[in-house]
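If you read the protein sequences in the order shown, they are chains A and Z.
Quick note: the first sequence, position 101, residue 100 per numbering that gives the first Met the number 0, numbers continuous.
Quick note: the second sequence, position 32, residue 31 per numbering that gives the first Met the number 0, numbers continuous.
Virtual Cβ for every residue (Gly too), placed ideally from N, Cα, C.
To start, the structure under review is shown below, and the notes come after it.
2 protein chains.
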Amino acid sequence: MNIGQAAAQSGLSSKMIRHYESIGLIKPKGRSAAGYRLFNEFDISRLKFIYQARTLGFSLEQIGQLLLLWQQEDRASVNVKKLAEQHIDELNEKIRAMQKMKQTLEQLVEICPASDDPNCPILKSLSNDEQSNTANCHSAAKINQSR
Amino acid sequence: MNIGQAAAQSGLSSKMIRHYESIGLIKPKGRSAAGYRLFNEFDISRLKFIYQARTLGFSLEQIGQLLLLWQQEDRASVNVKKLAEQHIDELNEKIRAMQKMKQTLEQLVEICPASDDPNCPILKSLSNDEQSNTANCHSAAKINQSR
DNA sequence: TTTCAGCCTTCCCATCATGGGAAGGTCAAG
DNA sequence: CTTGACCTTCCCATGATGGGAAGGCTGAAA
Numbered sequence: 000m001n002i003g004q005a006a007a008q009s010g011l012s013s014k015m016i017r018h019y020e021s022i023g024l025i026k027p028k029g030r031s032a033a034g035y036r037l038f039n040e041f042d043i044s045r046l047k048f049i050y051q052a053r054t055l056g057f058s059l060e061q062i063g064q065l066l067l068l069w070q071q072e073d074r075a076s077v078n079v080k081k082l083a084e085q086h087i088d089e090l091n092e093k094i095r096a097m098q099k100m101k102q103t104l105e106q107l108v109e110i111c112p113a114s115d116d117p118n119c120p121i122l123k124s125l126s127n128d129e130q131s132n133t134a135n136c137h138s139a140a141k142i143n144q145s146r
Numbered sequence: 000m001n002i003g004q005a006a007a008q009s010g011l012s013s014k015m016i017r018h019y020e021s022i023g024l025i026k027p028k029g030r031s032a033a034g035y036r037l038f039n040e041f042d043i044s045r046l047k048f049i050y051q052a053r054t055l056g057f058s059l060e061q062i063g064q065l066l067l068l069w070q071q072e073d074r075a076s077v078n079v080k081k082l083a084e085q086h087i088d089e090l091n092e093k094i095r096a097m098q099k100m101k102q103t104l105e106q107l108v109e110i111c112p113a114s115d116d117p118n119c120p121i122l123k124s125l126s127n128d129e130q131s132n133t134a135n136c137h138s139a140a141k142i143n144q145s146r
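Here it is, written out as structure tokens:
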């Protein structure tokens, strides 16, 4: 099977499949005389696995781990679970951050007159110094204040 | 004021500030004799604005729009509101997608024995063809099935 | 048999926001 | 005058993906 067929069967694009090969997620066994990648059922099942894992938001690196476990006869399911829980944590963190943004935005939008009045609480908030951004990693360590 | 000071005052890194200049978000008026960028209070307020907007998750492109509106004396607040609402929509979409992933993952994690048993519902789910991924943009249009 | 569409290959570049680091110039304090 | 902390520009990397060029292969129709 050529790459286009493999793409159609797995739900991925040919581009993605080549990329996954380049980073070692898959290793199609051979090439045709013309240099075409050849995919067998084993490869397809791996590609489908990758597709599913991407659907769940796993990074390609995490998917590499999952594939290793998947092909290990003697894997411990606890290791798979760990990966999944770690990913859930990442998702929770991202969701939390975005919900915070969303909440702030919704508060601002609610009090915005949305008229042709230039007065705008949203811009006012963005230009307000006193937001609780007291410290951050860029607030330099050693600065020659004398400069 | 040099870039380091501007960074410290705005909460951004020097790298970011240079980047924002390179894409036109800010235009520091001058350079010192040695070629150092010079920032005044006006620049700092813009940088703080950018910092706040990034905190709310706006893209740099959106921030460009916001800055334009901010400096327009005759802006209509409705335009600012539109930008904010559009961003809220984007956030909602991302949150929704991630919550869906999270939910699926949590269901799988819950039934995972998490032992040294190789039997694992998570891997089983990932390798299961019959997930509801019936159609997608990669499922090729014109394919020479005969190949 | 030639032609041509539709595959395939590799290679480079773009996205988005950011960081790392090299190579080199500047400034101020000791 | 040295030194260290700063500044400059330039290139490269991240992560996952797409776009597209230049070129080769295949198979079916003319």
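8 angstroms CB neighbourhood of residue i in its chain, flanking five on each side removed
i, result
"cysteine 111 of chain Z", "Cys119, Pro120 and Ile121"
"leucine 107 of chain Z", "Pro120, Ile121 and Ser124"
"isoleucine 43 of chain A", "Met0, Ala5, Gln8 and Ser9"
"leucine 37 of chain Z", "Met0, Asn1, Pro27, Lys28, Gly29, Arg30 and Ser31"
"alanine 139 of chain Z", "At alanine 139 of chain Z, the pLDDT of 48 sits below 50, so the modelled position is not reliable and the matter cannot be decided from this model."
7 angstroms Cβ shell around residue i - same chain, five flanking residues per side excluded
i, result
"tyrosine 50 of chain A", "Ser9, Gly10 and Leu11"
"leucine 82 of chain Z", "Gln61, Gln64 and Leu65"
"glycine 3 of chain A", "Ser13"
"phenylalanine 41 of chain Z", "none"
"arginine 74 of chain Z", "Leu68"
"alanine 52 of chain A", "Ile62 and Leu65"
Cα-Cα separation between residue i and residue j, rounded to whole angstroms
i, j, result
"leucine 24 of chain A", "histidine 18 of chain A", "9 angstroms"
"lysine 28 of chain A", "glutamate 92 of chain Z", "39 angstroms"
"serine 21 of chain Z", "alanine 96 of chain Z", "33 angstroms"
"arginine 45 of chain A", "serine 31 of chain A", "20 angstroms"
"methionine 15 of chain Z", "glutamine 70 of chain Z", "21 angstroms"
"alanine 113 of chain A", "phenylalanine 57 of chain A", "40 angstroms"
"serine 126 of chain A", "asparagine 39 of chain Z", "16 angstroms"
"isoleucine 94 of chain A", "glutamate 72 of chain A", "35 angstroms"
"threonine 103 of chain A", "alanine 33 of chain Z", "42 angstroms"
"glutamate 105 of chain Z", "serine 76 of chain Z", "42 angstroms"
"lysine 101 of chain A", "leucine 59 of chain Z", "17 angstroms"
"leucine 55 of chain Z", "histidine 86 of chain A", "24 angstroms"
"glutamate 84 of chain Z", "glutamate 109 of chain Z", "36 angstroms"
Helix, strand or coil at residue i according to DSSP, with G and I counted as helix
i, result
"glycine 63 of chain A", "helix"
"glycine 29 of chain Z", "strand"
"leucine 37 of chain A", "strand"
"phenylalanine 57 of chain Z", "coil"
"glutamate 72 of chain Z", "coil"
"isoleucine 43 of chain Z", "helix"
"proline 117 of chain Z", "coil"
"leucine 24 of chain Z", "coil"
"serine 12 of chain Z", "coil"
"serine 126 of chain Z", "coil"
Same chain, Cβ closer than 6 angstroms to residue i, neighbours up to 5 away in sequence not counted
i, result
"asparagine 1 of chain Z", "Tyr35"
"glutamate 89 of chain A", "none"
"valine 79 of chain Z", "Leu68"
"aspartate 116 of chain Z", "none"
Residue range of the unbroken alpha helix (DSSP H) whose run includes residue i
i, result
"alanine 96 of chain Z", "76 to 109"
"glutamine 4 of chain A", "2 to 9"
"proline 112 of chain Z", "Counting along the chain, proline 112 of chain Z falls outside any alpha helix (DSSP H), and DSSP gives it neither H nor E."
Of all the residues that make up the stretch 72 to 88 of chain Z, which are near chain A by a beta-carbon distance shorter than 7 angstroms?
-> Glu72, Asp73, Arg74, Ala75, Ser76, Val77, Val79, Lys80, Ala83, Glu84, His86 and Ile87: these are the residues of the stretch 72 to 88 of chain Z whose beta carbon lies less than 7 angstroms from some beta carbon of chain A, given in chain order.
For the stretch 45 to 57 of chain A, enumerate the residues whose C-beta is nearer than 8 angstroms to any C-beta of chain Z, in chain order.
-> Within the stretch 45 to 57 of chain A, the residues whose Cβ lies closer than 8 angstroms to some Cβ of chain Z are Lys47, Phe48, Tyr50, Gln51, Ala52, Thr54, Leu55 and Gly56, listed in chain order.
Residues of the stretch 104 to 118 of chain A with Cβ closer than 8 angstroms to any Cβ of chain Z, in chain order = The stretch 104 to 118 of chain A vs chain Z, Cβ under 8 angstroms: Leu104, Glu105, Leu107, Val108, Cys111, Pro112, Ala113, Ser114, Asp115, Asp116, Pro117 and Asn118.
Select from the stretch 93 to 104 of chain Z all residues with a C-beta closer than 7 angstroms to any C-beta belonging to chain A, and list them in chain order.
-> Listed in chain order, the positions of the stretch 93 to 104 of chain Z with a beta carbon within less than 7 angstroms of a beta carbon of chain A are Lys93, Ile94, Met97, Gln98, Met100, Lys101, Thr103 and Leu104.
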